[in-house]
Amino acid sequence: MIDPGFSPGLLKGDLVVGIVRRPDPVPCPNCAVGEWDMCRNGQYTERGIKQIDGYMSERWRIEPEYAMKVDPTLGMLGVLLEPTTVVTKAWEMVKAIGHRSFWEPRTVLVTGAGPIGLLAALIGVQQGMDVHVLDRVTSGHKPDLVKALGATYHSTSVSEVGFEPDIIIECTGVGQVVAESILKVGGVV
């Protein structure tokens, strides 16, 4: 941070990341209670995604209330904070839906081994789940990264993974993978 102005808790030199989403200017019930990511009427905005320019520079301006201080030991890895919040929200929703009744999930299939999929797998492993990651590549960094996380790598289709997952975290956005996931899961997608 170059100039935090009169922001409590922020000092010159602090590492920060910006909150991407902004609440609806005429708040829906979710935006009114700070759950902007669950906006019901779609009038929210997002930096670099919906109606506001992105960051994509070494220096950028941000309103102090949308700046999150990052532990300095993280250094440049602090850029992973925002995508990690996306994955964390997905895990929160999975748990909220699953725990409406008795539920003891054990196996997770994460579709996609890109940055979001790897973060989803990491969180699943941290929760003690048996995590499987599916991606289309058969060699290279992705299988190695998945193994290093403590998960199992698959390069088959969803229908051919050989087990029925309790949870599927879909991180590809590919229509066919989404459809196969819906048919495969015994729990929550």
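Heads up: the sequence shown begins at 54 in the numbering used here, then just goes up one per residue.
Cβ atoms here follow ideal geometry from the backbone N, Cα and C, with glycine treated the same way.
* Asked: Which residues in the same chain have their Cβ closer than 7 Å to the Cβ of Phe-216, if we skip the five residues on either side of it in sequence?
  -> One-based indexing of the sequence shown puts residue 216 at position 163. Only Thr-160 meet the Cβ criterion.
* Report the rounded CA-to-CA distance for Arg-114 versus Val-139, giving the unit in angstroms. => Position 61 of the sequence shown, counting from 1, holds the residue named residue 114. Position 86 of the sequence shown, counting from 1, holds the residue named residue 139. Distance between the alpha carbons of Arg-114 and Val-139: 22 Å.
* Asked: Going by other Cβ atoms of all chains shown within 10 Å of its Cβ, with 16 needed for buried, is Ile-169 buried or exposed?
  -> As a position in the sequence shown, residue 169 is number 116, starting the count at 1. Looking at its Cβ environment, which holds 16 or more other Cβ atoms inside 10 Å, Ile-169 is buried.
* To do: With Thr-164 as the anchor, note down where its alpha helix (DSSP H) starts and where it stops.
  => One-based indexing of the sequence shown puts residue 164 at position 111. Bounds of any alpha helix (DSSP H) do not take in Thr-164; it lies within the beta strand (DSSP E) bounded by 160 to 164.
* What three-state label does DSSP hand Val-199 in the structure shown? -> As a working note, residue 199 is residue 146 in the sequence shown. Three-state DSSP puts Val-199 in a helix.
* Asked: DSSP puts Leu-68 in a beta bridge; with which residues?
  -> As a first step, residue 68 must be located in the sequence shown, where it is residue number 15. Leu-68 pairs with Val-123.
* Under the DSSP definition of a beta bridge, which residues are partnered with Gln-104? -> Sequence index remark: in the sequence shown, residue 104 carries index 51 (1-based). Note: Gln-104 sits in a beta bridge opposite Glu-99.
* Taking C-beta to C-beta, are Leu-68 and Gly-167 nearer than 8 Å? -> The residue you call residue 68 lines up with position 15 of the sequence shown. The residue you call residue 167 lines up with position 114 of the sequence shown. Cβ atoms of Leu-68 and Gly-167: not closer than 8 Å.
* **Pairwise C-alpha distance: Ile-102 and Gly-177** => In the sequence shown, the residue the question calls residue 177 occupies position 124. In the sequence shown, the residue the question calls residue 102 occupies position 49. Gly-177 and Ile-102: Cα-Cα distance of roughly 27 Å.
* Determine the direct distance from the alpha carbon of Glu-213 to that of Tyr-119, and round the result to whole angstroms. => As a working note, residue 119 is residue 66 in the sequence shown. As a working note, residue 213 is residue 160 in the sequence shown. Between Tyr-119 and Glu-213, the alpha-carbon positions lie close to 43 Å from each other.
* Asked: Do the segment 190 to 199 and the segment 216 to 230 touch if we need at least three Cβ pairs shorter than 8 Å?
  -> no
* Where does Ile-176 sit, in a helix, a strand or coil, going by DSSP? -> Counted from its first residue, the sequence shown places residue 176 at position 123. Helix.
* Asked: Hey, quick one: how far does the alpha helix (DSSP H) through Val-139 stretch, first residue to last?
  -> The residue you call residue 139 lines up with position 86 of the sequence shown. Looking at the DSSP string, the run of the alpha helix (DSSP H) that includes Val-139 is 134 to 151.
* Under the assumption that Pro-117 contacts Leu-63 (Cβ atoms under 8 Å), give the Cβ distance between them as a whole number of angstroms. => Residue numbering aside, residue 117 sits at position 64 when the sequence shown is read from its first letter. Residue numbering aside, residue 63 sits at position 10 when the sequence shown is read from its first letter. Pro-117 to Leu-63, Cβ: 6 Å. Contact.
* Taking all protein chains shown into account, do 16 or more other C-beta atoms lie within 10 angstroms of the C-beta of Pro-61, making it buried, or fewer, making it exposed? -> Taking the sequence shown and counting its residues from 1, one reaches residue 61 at position 8. Its Cβ having fewer than 16 others within 10 Å, Pro-61 is exposed.
* To do: Return helix, strand or coil for Asp-90, following the three-state DSSP convention.
  => As a working mapping, residue 90 is identified with position 37 in the sequence shown. Residue state, collapsed to three classes: helix.
* Assumed close pair Pro-158, Asp-77 - CB separation to whole angstroms, cut-off 8 Å -> As a position in the sequence shown, residue 158 is number 105, starting the count at 1. As a position in the sequence shown, residue 77 is number 24, starting the count at 1. Taking the Cβ atoms as the reference, Pro-158 lies roughly 33 Å from Asp-77, outside the contact range of under 8 Å.
* Answer yes or no: do Asp-188 and Ser-210 have a C-beta to C-beta separation smaller than 8 Å? => Walking along the sequence shown from the start, residue 188 turns up at place 135. Walking along the sequence shown from the start, residue 210 turns up at place 157. Contact: no.
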